[in-house]
Structures are given as structure tokens and as C-alpha cells.
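Asks: Starting off with a structure, shown below.
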Amino acid sequence: MRVAVLIPARYASTRYPGKPLVGLRGAQGAEKPLIRRAWEAAQAVRGVAEVHVATDDERIAEAARGFGASVLMTSGFARNGTERCAEALAQMDPAPDLVVNLQGDAPLTPAWFVEALIEAMQSDAAMQVATPVLRCSPGALAQLVEDRRAGRVGGTTAVCRADGRALYFSKEVLPHVGDLTAAPPVWHHVGVYAYRPAALSAYAQWPEGPLERAEGLEQLRFLENGTAVHCVEVEARGRVFWELNNPVDVDRIEAALAKEGIA
């Protein structure tokens with residue numbers, strides 16, 4: 064199976080303009096832009112044939128080429144990372160057997176998260192879309208709840224069937240947890256996706272749905288159009304996972320880079 068990793072990145076983020084070029088200090092104090100740290104995370108994944116940054120912005124493209132990344136230029140009309148990946152896929156000849164969307168704001172994504180998706184897709188030819196979920200630790204759950212109470216849109220949670228198929232994704236903390244000490248399992252959705260090319264191409268033809276629009280979550284378009292999204296449980300193995308959604312997350316991510324000794 065030929066696997067391609069695409070890293071969609073846009074400059075004009077509503078919540079955090081210029082986010083892909085924000086500098087993040089590593090363990091030894093060296094600063095690298097967010098897009099480079101996401102690219103380095105992709106490079107660590109085993110079994111990947113190619114990695115490309117997909118962007119519509121020349122500033123991001125220039126920065127990416129500067130540290131040696133391959134760049135696929137996309138239009139300014141892509142409304143989310145999945146649409147951007149679909150545009151990038153259309154430029155790839157021959158097309159890969161599997162496309163992985165490792166979003167440009169998730170530099171702490173461990174390689175084994177992505178490898179678990181690839182393995183799941185390889186083992187089930189009927190699986191069209193897969194994404195990782197992480198059982199929230201007490202600390203991570205507390206951070207999610209704190210963000211919502213403060214009015215910040217932070218991490219995403221997933222509600223899944225017993226067989227792993229997603230029922231829903233939300234920026235709210237689902238299920239509701241009034242008492243954090245007695246909370247049921249809360250699944251933190253990890254912003255990585257694996258798609259069959261046909262599913263990714265179909266996505267780009269569907270209109271944005273009302274749930275996707277309300278939540279601001281691209282993966283809901285698959286659910287709204289009857290395509291199953293399989294949630295693959297992954298283990299943190301002591302690693303901290305967090306995405307850069309808001310400026311406050313810079314300190315959280317830099318602390319995690321320091322803890323893990325990531326330069």
C-alpha cells in the first residue's frame with residue numbers, strides 16, 4: 064500500500080491568523096515554525112512513501128521549501144483541511160492507495176498514532192475513513208473542561224459506537240461530565256485522518272452540512288453523508304498530545320516539547 068501524508072496549512076485562520084508560521088521553541092531553545100514541526104512529525108512515521116505540505120499561501124510554501132519539504136499549491140477556496148487534501152490528491156499522479164491528513168496544527172502527534180491508522184486501513188479493505196481517538200487522562204479532561212468554561216474552543220471529543228464507528232464529534236466535552244472524578248470515558252479526537260482516495264474525492268463534491276457548519280468540524284460531513292468514520296483507539300504512552308488551536312496553546316506545546324526532549 065502506497066501511503067502519502069498531506070499536511071494542509073492555511074495562513075488566514077479565523078482564530079489564529081498566521082498560525083503555521085508561529086515559532087515554537089524546542090527542548091534546547093531552538094525555535095521552529097509550527098509547519099516545520101508538523102512536517103518533522105510526519106517524517107517520523109514508518110511506511111510512508113511521500114510527505115507534502117498542501118497550502119494556498121506563498122509565505123507558508125516558501126517556509127516549507129526552505130526546510131526541504133515538498134509543496135503542493137492548492138486554491139484559496141478550500142474551506143478545511145480535508146478539502147485541501149482533496150485538491151492536493153487531484154495533482155498526484157499516480158494517486159496513492161491511502162492518504163493521511165496530518166493537520167498542520169498538531170506537531171505533537173506521535174508516529175504510532177498515524178501508524179495505527181495505516182494498519183487499521185490495511186486490515187479492513189471496506190474501511191473508507193479512519194481517525195485516532197485518545198482516552199482522556201484526568202489532566203487532559205480538566206484542560207478540555209477549563210477551555211470550554213473560559214469560552215475557548217479547544218480540543219474535540221468523539222462519541223463512538225461499540226464497534227468503533229463514530230456517532231458524533233464535538234467541540235463540547237461529550238459526554239457531559241459534571242463530576243470529573245467520576246467521569247465516563249471521554250475520547251479526545253486526534254486531528255489526523257486516513258482516507259481511501261475515492262472517499263476523499265467524494266467529500267469534495269458534497270456541500271457543507273449544517274452540523275459541520277455549526278461545530279466547525281470537517282469530519283462531520285462524512286457522517287452527514289452516510290460515510291462511516293472509524294475511530295481507532297491509540298495510546299499516549301506517556302506522551303502529551305495537544306493541538307495549537309489558540310495562542311494560549313503555545314506554552315502548552317512548548318512545555319511538551321521540552322518534556323519529551325524534542326529539539
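Position one of the sequence shown corresponds to residue 64 (this note's numbering), numbered consecutively onward.
For each residue, glycine too, the CB sits at the ideal point set by N, CA and C.
(1) Work out the CA separation of MET184 and PRO157 for me, nearest whole Å.
(2) Would THR220 and SER233 be called neighbours here (beta carbons separated by less than 8 Å)?
(3) Would you call the region 249-265 in contact with the region 142-161, where contact means no fewer than 3 C-beta pairs closer than 8 Å?
(4) What three-state label does DSSP hand LEU307 in the structure shown?
(5) Starting from PHE266, follow the alpha helix (DSSP H) in both directions and report where the run begins and ends.
(6) Cα separation between LEU97 and LEU87?
(7) Can you list, in chain order, the residues of its chain whose CB lies under 7 Å from that of LYS82, leaving out five sequence neighbours each side?
(8) CB-CB under 6 Å to ARG215, same chain, minus the five flanking residues each way: which ones, in chain order?
(9) Assign ARG122 to one of two classes, buried (16 or more other C-beta atoms within 10 Å of its C-beta) or exposed (fewer than that).
(10) Which residues does DSSP list as the beta-bridge partners of LYS322?
(11) Using only CA atoms, which one of ASP120, GLU125, ALA126, ALA101 lies nearest to VAL114?
(12) So, helix, strand or coil for ARG198, using DSSP?
(13) Am I right that VAL297 and ALA179 are in contact with their C-beta atoms under 8 Å? What's the rounded C-beta distance?
(14) Using the beta-carbon count (16 or more within 10 Å), is VAL253 buried or exposed?
(15) Tell me, which residues are paired with MET190 by DSSP?
(16) Since PRO83 is in the beta strand (DSSP E), which residue starts that stretch and which ends it?
(17) Does the beta-carbon distance from GLY131 to ALA326 come in below 8 Å?
(18) Pull up the distance between the alpha-carbon of GLY218 and that of ASP187, whole angstroms please.
(19) Going by DSSP, what residue range makes up the alpha helix (DSSP H) through PHE130?
(20) For THR145, does the three-state DSSP call read helix, strand or coil?
(21) Taking the straight line between their C-alpha atoms, what separation do you get for GLU271 and VAL313?
(22) Do GLU150 and SER138 have their C-beta atoms within less than 8 Å of each other?
(23) Apply the 10 Å Cβ neighbour rule to VAL66 and answer buried if 16 or more other Cβ atoms are within range, or exposed otherwise.
(24) Could you name the residues of the same chain whose beta carbon sits closer than 6 Å to that of ALA291, not counting the 5 residues immediately before and after it, in chain order?
(25) DSSP state of GLU281, grouped into three classes?
(26) Whole-angstrom Cβ separation of TYR256 and ASN164, contact assumed at under 8 Å?
Replies: In short:
(1) Position 94 of the sequence shown holds residue 157. Position 121 of the sequence shown holds residue 184. Approximately 20 Å, taken between the alpha carbons.
(2) Locating residue 220 in the sequence shown gives position 157, where the first residue counts as 1. Locating residue 233 in the sequence shown gives position 170, where the first residue counts as 1. Against a cut-off of 8 Å, the Cβ pair of SER233 and THR220 comes out as a contact.
(3) Counting Cβ pairs under 8 Å, three or more are found: they touch.
(4) The residue given as residue 307 occupies position 244 in the sequence shown. In the structure shown, LEU307 adopts coil according to DSSP, grouped into three states.
(5) Here the question's residue 266 lines up with position 203 in the sequence shown. Checking the sequence, you will find Tyr at residue 266 rather than Phe. Annotation for TYR266: the continuous alpha helix (DSSP H) segment containing it runs 260-268.
(6) Locating residue 97 in the sequence shown gives position 34, where the first residue counts as 1. Locating residue 87 in the sequence shown gives position 24, where the first residue counts as 1. Their Cα atoms are separated by approximately 6 Å.
(7) As a working note, residue 82 is residue 19 in the sequence shown. Result list for LYS82: SER76, LEU97, ASP168, LEU307, in chain order.
(8) The residue labelled residue 215 in the question sits at position 152 within the sequence shown. Correct list, in chain order: ASN309.
(9) Along the sequence shown, read from residue 1 onward, the residue named residue 122 stands at position 59. Looking at its Cβ environment, which holds fewer than 16 other Cβ atoms inside 10 Å, ARG122 is exposed.
(10) As a position in the sequence shown, residue 322 is number 259, starting the count at 1. LYS322 has no beta-bridge partner at all, per DSSP.
(11) The sequence position of residue 114 within the sequence shown is 51, counting from 1. With distances taken between Cα atoms, VAL114 lies closest to ALA101.
(12) Locating residue 198 in the sequence shown gives position 135, where the first residue counts as 1. Note: ARG198 maps to strand in three-state DSSP.
(13) Residue 297 sits at position 234 when you count from the first residue of the sequence shown. Residue 179 sits at position 116 when you count from the first residue of the sequence shown. 5 Å between Cβ atoms; contact.
(14) Indexing the sequence shown from 1 puts residue 253 at position 190. Sixteen is the threshold: when 16 or more other Cβ atoms of the shown chains lie within 10 Å of the Cβ of VAL253, as they do, the residue is buried.
(15) Position 127 of the sequence shown, counted from the first residue, corresponds to residue 190. MET190 is not bridged to any residue.
(16) Counted from its first residue, the sequence shown places residue 83 at position 20. No beta strand (DSSP E) holds PRO83; DSSP gives it neither H nor E.
(17) Counting from 1 along the sequence shown, the entry for residue 131 is found at position 68. Counting from 1 along the sequence shown, the entry for residue 326 is found at position 263. It is not a contact, given that the beta carbons lie outside the stated cut-off.
(18) Here residue 218 refers to the residue found at position 155 of the sequence shown. Here residue 187 refers to the residue found at position 124 of the sequence shown. For GLY218 and ASP187, the distance between alpha carbons rounds to 28 Å.
(19) Here residue 130 refers to the residue found at position 67 of the sequence shown. Here PHE130 belongs to no alpha helix (DSSP H), and DSSP marks it neither H nor E.
(20) For the purposes of this step, residue 145 is taken as residue 82 along the sequence shown, with counting starting at 1. Helix.
(21) Within the sequence shown, numbered from 1, the residue matching residue 271 stands at position 208. Within the sequence shown, numbered from 1, the residue matching residue 313 stands at position 250. So the two alpha carbons sit approximately 30 Å from each other.
(22) For this step, residue 150 is matched to residue 87 along the sequence shown. For this step, residue 138 is matched to residue 75 along the sequence shown. Yes, the Cβ-Cβ distance between GLU150 and SER138 is below 8 Å.
(23) The residue labelled residue 66 in the question sits at position 3 within the sequence shown. Counting Cβ neighbours within 10 Å, VAL66 comes out buried, since at least 16 surround it.
(24) Position 228 of the sequence shown, counting from 1, holds the residue named residue 291. Excluding residues within five positions, the ones whose Cβ falls inside 6 Å are ARG228.
(25) Position 218 of the sequence shown holds residue 281. The answer is coil: DSSP assigns GLU281 none of H, G, I, E or B.
(26) As a first step, residue 256 is located in the sequence shown; it is residue number 193 there, counting from the start. As a first step, residue 164 is located in the sequence shown; it is residue number 101 there, counting from the start. 4 Å between Cβ atoms; contact.
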